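Engineer: Taking our numbering, the leading residue of the sequence shown gets 4, the next gets one more, and so forth.
In this text, a Cβ means the ideal position worked out from N, Cα and C, and glycines have one as well.
As the structure is a computational prediction, the values presented were derived from the model and not from experiment.
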Amino acid sequence: MFKVVVSDLDGTLLNKQHQVSARTRETLHTLVKRGIKFMVATGRHHVDVQGIRDTLGLDIFLITANGAVVHDKQDNCIYNQSLPVALAQQVVELSRHEDIRINIYQGDRWLVAQESPELLVFHQESGFGYQVVDPLTVDKQNINKIFFTAESHEALLPLEASLLQRFGDELAITFASADSLEVMPKGVNKGNAVQAVLAQNGFSLDETIAFGDGMNDLEMLSLVGRGVVMGNAHDRLMKALPDHDRTHSSDEDGVARYLERLFG
(Lines of atoms letter the chains of each structure in order from A; the text may use other names.)
(Lines give C-alpha, C1' and ligand atoms only; values in the text may rest on other atoms or scores of the structure.)
Protein backbone atom coordinates (compact mmCIF):
# COMPACT_ATOMS: atom_id res chain seq x y z
CA MET A 4 0.00 0.00 0.00
CA PHE A 5 1.21 3.51 -0.77
CA LYS A 6 2.33 5.67 2.15
CA VAL A 7 2.82 9.02 0.36
CA VAL A 8 0.63 11.00 -2.06
CA VAL A 9 2.15 13.80 -4.15
CA SER A 10 0.05 16.13 -6.28
CA ASP A 11 0.55 18.92 -8.75
CA LEU A 12 -1.82 21.88 -8.32
CA ASP A 13 -3.05 23.56 -11.53
CA GLY A 14 -4.98 21.15 -13.71
CA THR A 15 -4.63 18.46 -11.05
CA LEU A 16 -5.64 19.27 -7.48
CA LEU A 17 -7.16 22.65 -8.39
CA ASN A 18 -10.27 22.94 -10.57
CA LYS A 19 -10.87 25.54 -13.29
CA GLN A 20 -11.79 28.05 -10.58
CA HIS A 21 -8.25 27.50 -9.23
CA GLN A 22 -9.65 26.12 -6.00
CA VAL A 23 -9.54 22.86 -4.05
CA SER A 24 -13.05 21.40 -4.09
CA ALA A 25 -14.80 20.36 -0.89
CA ARG A 26 -14.65 16.70 -1.95
CA THR A 27 -10.91 16.82 -2.61
CA ARG A 28 -10.23 18.63 0.67
CA GLU A 29 -12.27 16.07 2.62
CA THR A 30 -10.54 13.13 0.92
CA LEU A 31 -7.06 14.50 1.68
CA HIS A 32 -7.93 15.19 5.31
CA THR A 33 -9.29 11.64 5.68
CA LEU A 34 -6.11 10.11 4.27
CA VAL A 35 -3.83 12.27 6.43
CA LYS A 36 -5.79 11.24 9.52
CA ARG A 37 -5.18 7.61 8.50
CA GLY A 38 -1.43 8.22 8.41
CA ILE A 39 -0.91 8.80 4.68
CA LYS A 40 1.61 11.57 3.99
CA PHE A 41 0.66 14.28 1.49
CA MET A 42 2.94 16.60 -0.45
CA VAL A 43 2.44 19.31 -3.09
CA ALA A 44 4.76 19.60 -6.11
CA THR A 45 3.96 22.56 -8.35
CA GLY A 46 5.39 25.15 -10.69
CA ARG A 47 3.82 27.92 -8.59
CA HIS A 48 5.70 30.31 -6.30
CA HIS A 49 6.17 29.23 -2.68
CA VAL A 50 4.43 32.31 -1.24
CA ASP A 51 1.40 31.57 -3.38
CA VAL A 52 1.36 27.88 -2.42
CA GLN A 53 1.72 28.66 1.27
CA GLY A 54 -1.57 30.56 0.98
CA ILE A 55 -3.25 27.61 -0.75
CA ARG A 56 -1.84 25.25 1.88
CA ASP A 57 -3.34 27.39 4.62
CA THR A 58 -6.79 27.24 3.02
CA LEU A 59 -6.38 23.49 2.65
CA GLY A 60 -5.64 23.21 6.36
CA LEU A 61 -2.79 20.68 6.22
CA ASP A 62 0.83 20.85 7.41
CA ILE A 63 2.72 19.58 4.37
CA PHE A 64 6.00 19.83 2.49
CA LEU A 65 5.88 22.24 -0.44
CA ILE A 66 7.88 21.63 -3.61
CA THR A 67 7.57 24.79 -5.70
CA ALA A 68 9.00 26.43 -8.84
CA ASN A 69 9.05 22.95 -10.40
CA GLY A 70 11.47 21.68 -7.76
CA ALA A 71 13.82 24.66 -7.47
CA VAL A 72 12.50 25.49 -3.98
CA VAL A 73 11.39 23.22 -1.12
CA HIS A 74 9.87 24.20 2.23
CA ASP A 75 9.24 21.84 5.14
CA LYS A 76 6.10 21.71 7.27
CA GLN A 77 7.34 24.60 9.42
CA ASP A 78 7.94 26.77 6.31
CA ASN A 79 11.71 26.47 6.62
CA CYS A 80 13.37 26.64 3.20
CA ILE A 81 15.40 23.43 2.97
CA TYR A 82 16.37 23.69 -0.70
CA ASN A 83 16.78 26.64 -3.05
CA GLN A 84 18.46 26.59 -6.45
CA SER A 85 18.87 29.67 -8.63
CA LEU A 86 19.57 30.24 -12.29
CA PRO A 87 23.15 31.32 -13.11
CA VAL A 88 23.05 35.11 -13.42
CA ALA A 89 24.59 35.26 -16.90
CA LEU A 90 22.22 32.60 -18.25
CA ALA A 91 19.17 34.31 -16.74
CA GLN A 92 20.12 37.51 -18.54
CA GLN A 93 20.60 35.67 -21.83
CA VAL A 94 17.23 33.93 -21.52
CA VAL A 95 15.47 37.26 -21.02
CA GLU A 96 17.28 38.84 -23.95
CA LEU A 97 16.47 35.92 -26.25
CA SER A 98 12.79 35.89 -25.39
CA ARG A 99 11.78 39.48 -26.08
CA HIS A 100 8.61 39.38 -28.18
CA GLU A 101 5.50 41.53 -27.97
CA ASP A 102 3.15 38.53 -27.92
CA ILE A 103 5.01 36.68 -25.16
CA ARG A 104 4.93 37.77 -21.52
CA ILE A 105 7.93 37.27 -19.26
CA ASN A 106 7.49 36.21 -15.62
CA ILE A 107 10.27 35.86 -13.05
CA TYR A 108 10.27 34.15 -9.64
CA GLN A 109 12.96 35.85 -7.55
CA GLY A 110 13.08 35.19 -3.82
CA ASP A 111 9.65 36.08 -2.40
CA ARG A 112 8.71 38.13 -5.47
CA TRP A 113 6.83 37.47 -8.68
CA LEU A 114 8.04 39.90 -11.34
CA VAL A 115 6.35 40.65 -14.67
CA ALA A 116 7.20 42.88 -17.60
CA GLN A 117 3.72 44.35 -17.97
CA GLU A 118 0.39 44.45 -16.20
CA SER A 119 -1.27 41.03 -16.54
CA PRO A 120 -4.49 41.09 -14.51
CA GLU A 121 -5.72 37.88 -16.14
CA LEU A 122 -2.93 36.00 -14.33
CA LEU A 123 -4.19 37.13 -10.93
CA VAL A 124 -7.24 34.91 -11.37
CA PHE A 125 -4.96 31.94 -10.71
CA HIS A 126 -4.05 33.33 -7.29
CA GLN A 127 -7.40 34.21 -5.74
CA GLU A 128 -7.00 31.54 -3.05
CA SER A 129 -3.71 33.02 -1.82
CA GLY A 130 -3.91 36.69 -2.83
CA PHE A 131 -0.37 36.50 -4.22
CA GLY A 132 0.42 39.33 -6.65
CA TYR A 133 3.12 40.52 -9.02
CA GLN A 134 5.39 43.55 -9.38
CA VAL A 135 5.98 45.21 -12.76
CA VAL A 136 9.66 45.59 -13.66
CA ASP A 137 11.94 45.89 -16.67
CA PRO A 138 13.14 42.29 -17.07
CA LEU A 139 16.22 43.41 -19.01
CA THR A 140 17.60 45.57 -16.20
CA VAL A 141 16.29 43.82 -13.09
CA ASP A 142 18.95 42.18 -10.89
CA LYS A 143 19.35 38.53 -11.97
CA GLN A 144 20.51 37.25 -8.58
CA ASN A 145 18.40 34.57 -6.80
CA ILE A 146 16.05 33.81 -9.71
CA ASN A 147 14.49 30.36 -9.29
CA LYS A 148 12.44 30.32 -12.46
CA ILE A 149 11.67 32.33 -15.58
CA PHE A 150 8.50 31.48 -17.44
CA PHE A 151 6.70 32.73 -20.50
CA THR A 152 2.98 32.92 -21.17
CA ALA A 153 1.08 33.53 -24.39
CA GLU A 154 -2.45 33.30 -25.71
CA SER A 155 -1.74 29.99 -27.43
CA HIS A 156 0.58 27.00 -27.24
CA GLU A 157 1.65 27.56 -30.83
CA ALA A 158 2.89 31.07 -30.03
CA LEU A 159 5.41 29.59 -27.59
CA LEU A 160 6.77 26.81 -29.81
CA PRO A 161 9.35 28.97 -31.66
CA LEU A 162 10.64 30.23 -28.31
CA GLU A 163 10.86 26.68 -26.97
CA ALA A 164 12.90 25.67 -30.01
CA SER A 165 15.23 28.65 -29.60
CA LEU A 166 15.73 28.04 -25.88
CA LEU A 167 16.42 24.34 -26.37
CA GLN A 168 18.90 25.04 -29.14
CA ARG A 169 20.72 27.69 -27.12
CA PHE A 170 20.44 26.38 -23.56
CA GLY A 171 19.29 22.76 -23.82
CA ASP A 172 22.47 21.47 -22.17
CA GLU A 173 22.62 24.18 -19.51
CA LEU A 174 19.04 24.70 -18.28
CA ALA A 175 15.83 22.77 -17.60
CA ILE A 176 13.14 23.82 -20.09
CA THR A 177 9.57 22.48 -20.04
CA PHE A 178 5.89 23.28 -20.52
CA ALA A 179 3.91 23.43 -17.26
CA SER A 180 0.74 23.93 -19.28
CA ALA A 181 -0.05 24.55 -22.92
CA ASP A 182 0.41 28.31 -22.48
CA SER A 183 3.27 28.38 -19.97
CA LEU A 184 6.88 27.63 -20.98
CA GLU A 185 9.23 27.42 -18.00
CA VAL A 186 13.00 27.68 -17.48
CA MET A 187 14.81 26.45 -14.36
CA PRO A 188 18.39 25.60 -13.34
CA LYS A 189 19.85 22.47 -14.91
CA GLY A 190 18.75 19.29 -13.14
CA VAL A 191 15.75 20.93 -11.48
CA ASN A 192 12.50 19.03 -11.81
CA LYS A 193 9.73 17.78 -9.55
CA GLY A 194 10.97 14.19 -9.71
CA ASN A 195 14.38 14.97 -8.24
CA ALA A 196 12.84 17.17 -5.54
CA VAL A 197 10.27 14.53 -4.56
CA GLN A 198 12.98 11.86 -4.39
CA ALA A 199 15.11 14.04 -2.10
CA VAL A 200 12.23 14.88 0.27
CA LEU A 201 11.16 11.23 0.45
CA ALA A 202 14.68 10.09 1.29
CA GLN A 203 15.02 12.77 3.96
CA ASN A 204 11.83 11.52 5.62
CA GLY A 205 12.44 7.79 5.37
CA PHE A 206 10.17 6.93 2.44
CA SER A 207 10.89 5.34 -0.91
CA LEU A 208 9.69 6.12 -4.41
CA ASP A 209 7.96 2.72 -4.53
CA GLU A 210 5.77 3.79 -1.60
CA THR A 211 4.66 6.94 -3.42
CA ILE A 212 1.79 7.75 -5.79
CA ALA A 213 1.75 11.04 -7.71
CA PHE A 214 -0.71 12.96 -9.89
CA GLY A 215 0.00 15.46 -12.66
CA ASP A 216 -1.19 16.94 -15.94
CA GLY A 217 1.77 18.79 -17.52
CA MET A 218 5.17 18.04 -18.99
CA ASN A 219 6.73 19.49 -15.84
CA ASP A 220 5.26 16.43 -14.08
CA LEU A 221 6.93 13.92 -16.40
CA GLU A 222 9.96 13.09 -14.25
CA MET A 223 7.89 12.87 -11.08
CA LEU A 224 5.28 10.55 -12.61
CA SER A 225 8.01 8.40 -14.14
CA LEU A 226 10.00 7.98 -10.91
CA VAL A 227 7.34 7.18 -8.29
CA GLY A 228 5.78 3.80 -7.63
CA ARG A 229 2.64 4.86 -9.44
CA GLY A 230 2.23 7.98 -11.55
CA VAL A 231 -1.33 8.91 -12.49
CA VAL A 232 -2.10 11.17 -15.46
CA MET A 233 -5.10 13.49 -15.26
CA GLY A 234 -7.88 13.21 -17.84
CA ASN A 235 -7.24 16.83 -18.85
CA ALA A 236 -3.47 16.33 -19.20
CA HIS A 237 -1.36 17.94 -21.92
CA ASP A 238 -1.18 15.77 -25.07
CA ARG A 239 2.60 15.62 -24.77
CA LEU A 240 2.34 14.03 -21.33
CA MET A 241 -0.25 11.48 -22.43
CA LYS A 242 1.97 10.46 -25.36
CA ALA A 243 5.06 10.32 -23.16
CA LEU A 244 3.34 8.09 -20.57
CA PRO A 245 0.91 5.94 -22.58
CA ASP A 246 0.89 3.04 -20.09
CA HIS A 247 0.36 5.08 -16.94
CA ASP A 248 -2.95 5.05 -15.08
CA ARG A 249 -5.49 7.73 -15.95
CA THR A 250 -8.07 9.42 -13.78
CA HIS A 251 -10.86 11.95 -14.27
CA SER A 252 -10.15 15.60 -14.97
CA SER A 253 -9.41 18.13 -12.24
CA ASP A 254 -12.92 19.57 -12.64
CA GLU A 255 -14.28 16.07 -11.93
CA ASP A 256 -12.24 15.64 -8.74
CA GLY A 257 -9.95 13.20 -10.49
CA VAL A 258 -7.39 13.04 -7.66
CA ALA A 259 -10.04 12.49 -4.99
CA ARG A 260 -11.87 9.85 -7.03
CA TYR A 261 -8.70 7.85 -7.64
CA LEU A 262 -7.60 8.03 -4.00
CA GLU A 263 -11.05 7.03 -2.76
CA ARG A 264 -10.93 3.91 -4.94
CA LEU A 265 -7.32 3.13 -4.05
CA PHE A 266 -7.63 3.50 -0.28
CA GLY A 267 -11.26 2.45 0.06
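Opposite Phe-214 in the DSSP bridges: which residues?
Structural biologist: Beta-bridge pairing links Phe-214 to Ser-10, Val-231.
Engineer: Flag this pair as touching only if the region 227-234 and the region 204-213 have three or more C-beta atom pairs under 8 Å; answer yes or no.
Structural biologist: Because the criterion of three Cβ pairs below 8 Å is met, the region 227-234 and the region 204-213 touch.
Engineer: Could you work out which residue in Leu-174, Ile-39, Phe-178, Leu-139 is closest to Glu-157 when comparing CA atoms only?
Structural biologist: Of Leu-174, Ile-39, Phe-178, Leu-139, the residue nearest in Cα terms is Phe-178.
Engineer: Please look up how many angstroms separate the CB atoms of Leu-166 and Val-186, rounded, as I've assumed it's under 8 Å.
Structural biologist: Between Val-186 and Leu-166 the Cβ distance is about 7 Å, and since that is below 8 Å, they are a contact.
Engineer: Using the DSSP secondary-structure output, state which residues sit across from Gln-109 in a beta bridge.
Structural biologist: Arg-112, Ile-146, per the DSSP bridge assignment.
Engineer: Under the three-state reduction of DSSP, which class applies to Leu-82: helix, strand or coil?
Structural biologist: Note on residue identity: the sequence assigns Tyr, not Leu, to residue 82. In the structure shown, Tyr-82 sits in a strand (DSSP, three-state: E or B).
Engineer: Since Pro-245 is in the alpha helix (DSSP H), which residue starts that stretch and which ends it?
Structural biologist: Segment: none, Pro-245 is in no alpha helix (DSSP H) and carries neither H nor E.
Engineer: What residue does the alpha helix (DSSP H) around Leu-123 start on, and which one ends it?
Structural biologist: Premise fails: Leu-123 is in no alpha helix (DSSP H) and is neither H nor E.
Engineer: Spatial neighbours of Val-50 within its chain, please: C-beta separation below 6 Å, excluding the five flanking residues on both sides.
Structural biologist: Here the set comprises Asp-111, Phe-131.
Engineer: Are the CB atoms of Met-42 and Val-7 within a distance shorter than 8 Å?
Structural biologist: Cβ atoms of Val-7 and Met-42: closer than 8 Å.
Engineer: Can you tell which of Met-218, Thr-45, Asp-137, His-21 has the C-alpha that lies nearest to the C-alpha of His-74?
Structural biologist: Of the candidates Met-218, Thr-45, Asp-137, His-21, the one whose C-alpha sits nearest the C-alpha of His-74 is Thr-45.
Engineer: Mind checking whether Met-233 and Ser-253 have CB atoms under 8 Å apart?
Structural biologist: For Met-233 and Ser-253, yes; Cβs fall inside 8 Å.
Engineer: Within the chosen definition, does the region 57-64 reach the region 106-124 through at least 3 CB pairs nearer than 8 Å?
Structural biologist: No, because fewer than three Cβ pairs between the region 57-64 and the region 106-124 fall closer than 8 Å, the two stretches do not touch.
Engineer: Which of helix, strand or coil does DSSP assign to His-100?
Structural biologist: Reduced to three states, the DSSP call for His-100 is coil.
Engineer: Smallest Cα separation from Leu-1: which of Phe-125, Arg-104, Leu-122, Val-135?
Structural biologist: It is not possible to answer for residue 1, since the shown part of the chain is limited to 4 through 267.
Engineer: Using DSSP's beta-bridge definition, name the partner residues of Asp-40.
Structural biologist: In the sequence as displayed, the identity of residue 40 is Lys instead of Asp. BP columns for Lys-40 point to Val-7.
Engineer: Taking all protein chains shown into account, do 16 or more other C-beta atoms lie within 10 angstroms of the C-beta of Pro-188, making it buried, or fewer, making it exposed?
Structural biologist: By the neighbour-count rule (16 or more Cβ atoms within 10 Å), Pro-188 is buried.
Engineer: Could you give the distance in angstroms between the alpha-carbon of Gln-168 and the alpha-carbon of Ala-175?
Structural biologist: Answer to the nearest angstrom: the Cα atoms are 12 Å apart.
Engineer: Since His-247 and Arg-260 should fall inside the 8 Å C-beta cutoff, what is the C-beta to C-beta distance between them, to a whole number of angstroms?
Structural biologist: The pair is not a contact, with the Cβ atoms about 16 Å apart (cut-off 8 Å).
Engineer: With DSSP as the reference, identify every bridge partner of Ala-68, one or two as the case may be.
Structural biologist: Looking at the DSSP assignment, Ala-68 forms no beta bridge with any residue, so it has no partner.
Engineer: When DSSP labels each residue in this structure, what does Val-136 get in the three-state scheme?
Structural biologist: Three-state result, Val-136: coil.
Engineer: What does DSSP give as the partner residues of Phe-178 in its beta bridges?
Structural biologist: DSSP lists Leu-184 as partners of Phe-178.
Engineer: Just reading off the alpha helix (DSSP H) that Val-50 is part of, what are its end residues?
Structural biologist: 49-59 is the extent of the alpha helix (DSSP H) around Val-50.
Engineer: Since Ser-129 and Ile-55 should fall inside the 8 Å C-beta cutoff, what is the C-beta to C-beta distance between them, to a whole number of angstroms?
Structural biologist: That belief holds up - the Cβ atoms of Ser-129 and Ile-55 are roughly 5 Å apart, short of 8 Å.
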